[in-house]
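When you read off a place in the sequence shown, starting at 1, and then add 87, the result is the number in the working numbering.
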Amino acid sequence: GDLAALQAALRAAEAVLPVGGPALRRAREAEERLEAEAEAARQVEERRGAEARLAAEIASGDYRSLVAAHAEAEALGCEGAVLREAVAAMEQLRAAYEVEEAEAVVAR
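This is the structure:
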(Lines of atoms letter the chains of each structure in order from A and count residues from 1; the text may use other names and numbers.)
(Lines give C-alpha, C1' and ligand atoms only; values in the text may rest on other atoms or scores of the structure.)
Protein backbone atom coordinates (compact mmCIF):
# COMPACT_ATOMS: atom_id res chain seq x y z
CA GLY A 1 0.00 0.00 0.00
CA ASP A 2 1.48 3.28 1.16
CA LEU A 3 4.90 1.78 1.82
CA ALA A 4 5.18 0.19 -1.64
CA ALA A 5 4.10 3.43 -3.33
CA LEU A 6 6.59 5.45 -1.30
CA GLN A 7 9.38 2.99 -2.08
CA ALA A 8 8.62 3.19 -5.81
CA ALA A 9 8.61 6.99 -5.67
CA LEU A 10 11.85 6.97 -3.69
CA ARG A 11 13.58 4.77 -6.26
CA ALA A 12 12.43 7.11 -9.04
CA ALA A 13 13.54 10.17 -7.04
CA GLU A 14 16.97 8.66 -6.41
CA ALA A 15 17.62 8.75 -10.15
CA VAL A 16 17.02 12.49 -10.43
CA LEU A 17 17.60 14.08 -7.03
CA PRO A 18 21.04 14.99 -5.74
CA VAL A 19 22.52 12.32 -3.48
CA GLY A 20 22.45 13.50 0.13
CA GLY A 21 20.02 16.31 -0.67
CA PRO A 22 17.24 17.28 1.75
CA ALA A 23 14.38 16.02 -0.44
CA LEU A 24 15.91 12.58 -0.77
CA ARG A 25 16.74 12.50 2.94
CA ARG A 26 13.13 13.38 3.87
CA ALA A 27 11.83 10.69 1.52
CA ARG A 28 14.10 8.09 3.10
CA GLU A 29 13.02 9.18 6.58
CA ALA A 30 9.38 8.80 5.55
CA GLU A 31 10.15 5.34 4.19
CA GLU A 32 11.82 4.35 7.46
CA ARG A 33 8.83 5.61 9.46
CA LEU A 34 6.39 3.65 7.31
CA GLU A 35 8.53 0.51 7.56
CA ALA A 36 8.63 0.86 11.36
CA GLU A 37 4.85 1.38 11.50
CA ALA A 38 4.27 -1.65 9.26
CA GLU A 39 6.54 -3.78 11.46
CA ALA A 40 4.77 -2.61 14.63
CA ALA A 41 1.39 -3.42 13.09
CA ARG A 42 2.64 -6.88 12.06
CA GLN A 43 3.86 -7.56 15.59
CA VAL A 44 0.51 -6.49 17.05
CA GLU A 45 -1.28 -8.87 14.68
CA GLU A 46 1.12 -11.70 15.60
CA ARG A 47 0.44 -11.12 19.30
CA ARG A 48 -3.33 -11.03 18.72
CA GLY A 49 -3.13 -14.30 16.82
CA ALA A 50 -1.03 -15.90 19.55
CA GLU A 51 -3.46 -14.69 22.22
CA ALA A 52 -6.41 -16.10 20.25
CA ARG A 53 -4.64 -19.47 19.89
CA LEU A 54 -3.82 -19.40 23.59
CA ALA A 55 -7.45 -18.72 24.51
CA ALA A 56 -8.52 -21.61 22.26
CA GLU A 57 -6.01 -23.94 23.91
CA ILE A 58 -7.22 -22.90 27.38
CA ALA A 59 -10.73 -23.86 26.28
CA SER A 60 -9.54 -27.15 24.72
CA GLY A 61 -8.01 -28.41 27.95
CA ASP A 62 -5.10 -30.05 26.10
CA TYR A 63 -2.09 -29.60 28.37
CA ARG A 64 0.69 -30.06 25.80
CA SER A 65 -0.96 -27.74 23.25
CA LEU A 66 -1.59 -25.19 25.97
CA VAL A 67 2.07 -25.26 27.04
CA ALA A 68 3.19 -24.75 23.42
CA ALA A 69 0.70 -21.90 22.84
CA HIS A 70 1.78 -20.26 26.11
CA ALA A 71 5.45 -20.43 25.11
CA GLU A 72 4.65 -18.89 21.71
CA ALA A 73 2.62 -16.08 23.30
CA GLU A 74 5.40 -15.30 25.77
CA ALA A 75 8.03 -15.31 23.02
CA LEU A 76 5.98 -12.75 21.07
CA GLY A 77 5.74 -10.49 24.11
CA CYS A 78 2.11 -11.09 24.98
CA GLU A 79 1.12 -10.17 28.50
CA GLY A 80 -1.96 -9.70 30.58
CA ALA A 81 -5.03 -11.66 31.51
CA VAL A 82 -4.83 -14.39 28.87
CA LEU A 83 -1.31 -15.35 30.01
CA ARG A 84 -2.43 -15.47 33.64
CA GLU A 85 -5.42 -17.60 32.64
CA ALA A 86 -3.10 -19.93 30.71
CA VAL A 87 -0.79 -20.36 33.72
CA ALA A 88 -3.75 -21.15 35.96
CA ALA A 89 -5.11 -23.64 33.41
CA MET A 90 -1.69 -25.27 33.01
CA GLU A 91 -1.41 -25.69 36.78
CA GLN A 92 -4.83 -27.34 36.87
CA LEU A 93 -4.12 -29.60 33.88
CA ARG A 94 -0.54 -30.53 34.80
CA ALA A 95 -1.46 -33.07 37.48
CA ALA A 96 -3.95 -34.84 35.23
CA TYR A 97 -1.42 -34.85 32.39
CA GLU A 98 1.29 -36.32 34.61
CA VAL A 99 -1.08 -39.08 35.76
CA GLU A 100 -1.97 -39.88 32.13
CA GLU A 101 1.71 -40.02 31.18
CA ALA A 102 2.50 -42.33 34.14
CA GLU A 103 -0.42 -44.61 33.25
CA ALA A 104 0.79 -44.78 29.65
CA VAL A 105 4.28 -45.79 30.82
CA VAL A 106 2.86 -48.46 33.13
CA ALA A 107 0.61 -49.79 30.37
CA ARG A 108 3.59 -50.44 28.08
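Note that the Cβ used here is the ideal one computed from N, Cα and C, for glycine as well.
Requested in this report: Measure the C-alpha to C-alpha separation of Ala99 and Glu124 and round it to an integer number of angstroms.
Outcome: 23 Å
Query raised in the report: Exposed or buried, Ala158, counting other C-beta atoms within 10 Å across all chains shown (16 or more means buried)?
Result: exposed
Requested in this report: Quick one: measure Cβ to Cβ for Leu121 and Leu93, integer angstroms, because I've assumed they're closer than 8 Å.
Outcome: 6 Å
Report task. Buried or exposed for Ala143, please, with buried defined as at least 16 other CB atoms from any protein chain shown within 10 angstroms of its CB. Result -> exposed
**Report entry** Rounded C-alpha distance that separates Leu163 from Gly107
**Finding:** 37 Å
Query raised in the report: Cβ of Ala160 within 8 Å of Cβ of Leu141?
Result: yes
**Report entry** Whole-Å CB distance - Arg129 paired with Cys165, under 8 Å assumed
**Finding:** Not a contact, Cβ separation roughly 15 Å.
Query raised in the report: Any C-beta of chain D sitting closer than 8 Å to the C-beta of Ala127?
Result: Looking at the structure shown, chain D is missing, and only one protein chain is on hand.
Report task. Could I get the ranges of all uninterrupted beta strand (DSSP E) runs contained in the segment 132 to 171, with 3 residues as the minimum, in chain order? Result -> none
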